[in-house]
Amino acid sequence: MLAALEDGWADPARLYAPARRARQLLDAARAATAEVLGVRPDELSFTPSGTAAAHAAVLGGLAGRRRAGGTLVHSAIEHSAVLHAAERHVAAGGSATGIPVDRAGSLDLDAWSAAVAGPGVALATLISASHEVGTVQPVAEAARACAAAGVPLYVDAAQSVGRIPVPAGWSILSASAHKWGGPPGVGLLVVRKGTRWESPYPADEREAGRTPGVGNLPAIVAAAAALRAVHAEAVAEAARLGPLVDRIRATVAATVPDVEVVGDPVDRLPHLVTFSCLYVDGEALLHALDRRGFAVSSGSSCTSSTLRPSHVLEAMGVLSHGNVRLSLHRESTEAEVDRFLAELPGIVAGLRAEAGVVGL
Amino acid sequence: MNGPDDVVDCLGQRCPLPVIAAARRLPELPVGGVLRVLADDPAAAIDIPAWCRMRGQELVGTSTVDGSPAYDIRRAH
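Chains as they are written, first to last, in our numbering: chain A, 1 to 360; chain B, 1001 to 1077.
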């Protein structure tokens, strides 16, 4: 890391001594990251962010297959980075087909399989696990349907890399370092050998031509080190956080009236839990929790800059107001979870009393 | 089809207010009565059907009335 800061100014593509040392650091970071993902180093590029990787995955995957057709098949619960790239594709004359999910937030595999087998499908994209409700998606089955139809699959694995394994069968994968505890400003784009992918950017030789510009070497080295560390602890962390999330799911449902705990109770990320409280304003709930030292997220419309509710909660057909998303991390303790569970019922009851909705 | 038995106007209100208004007004109707909720907050399109499911009430349908979304709920119990 210190070496990376020392030589991080040097351009790994040049030939002077600091540049060669920078090249070695970059190669080592790439090799370590590729090893965790189980891919070849030359299949992996470091991008300026997970968002940039997602954009390049979608647009590059579509561009590489334009002769096969202009249709993108995607789940209804993709990350907005993927959906925004899909919008760009549609605006440019392409088409996109959204595939529904069930009430638990799991992909409708029959609809998916029928859609990818349709005419003119260039690319299919599936998030590995929902970033909002934690439901792990049937990636292996979705990949089999794609393989049968001869359609490449792009998996947005930002939620899974460093935490849980990603099933094989995909052609393109993206991830984001800050999601696994690394620094912001580093994403991963992996394109398997034999995949027809074409850069959506003007030509640039960096990172196998997959992303333009000189990478942030110190951040890349830190990202690779963080990934190795979290990967080594992933099984133990999942075993620690999984039961804490189970406890949150069960206790919230038992102690808070009129609450909907959403997402699949079993096939889920180990660290994430989402629930919605009937008649409660999501923004008020977020601020009340914040005042007590709990930093949580929400899919409620009042907490978003667009004032639109989460498209994931919408696709699942679950209550969108009064929504709270808890994301546990390596420093989250059992004591903190217990304090949250002890304080939440009173907070919700207080907000309902203020709004005059008790007994409705 | 006959019109609704009662209408509650929640245009311009943000969720959860339209859901709260529906929850307040529906018990004032007889069982079988239909309440129309006018609500243009996009979250209402998710939350009114979700409330009906949670409370065991029947969402008869959604329509557009004078350019705004309308949700018809039948009191089931």
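Think of the CB as a built atom: it goes at the ideal place given N, C-alpha and C, for glycine as much as any other residue.
- K193 of chain A sits exposed, since fewer than 16 C-beta atoms from the chains shown fall within 10 Å of its C-beta.
- What P309 of chain A touches in chain B, judged by beta-carbon distance under 7 Å, is P1042, A1043, I1046, going in chain order.
- The Cβ atoms of E78 of chain A and T47 of chain A lie no closer than 8 Å to each other.
- With respect to chain A, the C-beta atom of C1010 of chain B has no partner C-beta closer than 8 Å.
- Three or more pairs of CB atoms, one per stretch, sit closer than 8 Å, so the region 20–35 of chain A contacts the region 207–226 of chain A.
- The C-alpha of S95 of chain A is placed about 17 Å away from the C-alpha of P200 of chain A.
- Per DSSP, T1062 of chain B lies in no alpha helix (DSSP H); the unbroken beta strand (DSSP E) holding it starts and ends at 1058–1065.
- Among the residues of chain A, none has a CB under 9 Å from the CB of C1052 of chain B; the nearest is roughly 11 Å distant.
- Each residue's CA atom was taken as its position, placing E354 of chain A and L109 of chain A some 44 Å apart.
- If you draw a 10 Å sphere on the C-beta of V337 of chain A, you find 16 or more other C-beta atoms in it, and that means buried.
- In the three-state reduction of the DSSP assignment, F340 of chain A falls in the helix class, which pools H, G and I.
- In the DSSP assignment, E260 of chain A falls within the beta strand (DSSP E) that extends over 259–262.
- Partner residues in the beta bridge of F275 of chain A, as assigned by DSSP, are A:V261, A:V324.
- Here R268 of chain A carries a strand assignment [DSSP, helix/strand/coil].
- Judged by beta-carbon spacing, V121 of chain A lies within the 8 Å limit of V151 of chain A, meaning their Cβ atoms are closer than that value.
- Annotation: the region 1006–1035 of chain B contains the following complete segments of the beta strand (DSSP E) (minimum length 3 residues), in chain order: 1006–1009.
- One finds L360 in chain A with Cβ atoms closer than 8 Å to the Cβ of R1024 of chain B, taken in chain order.
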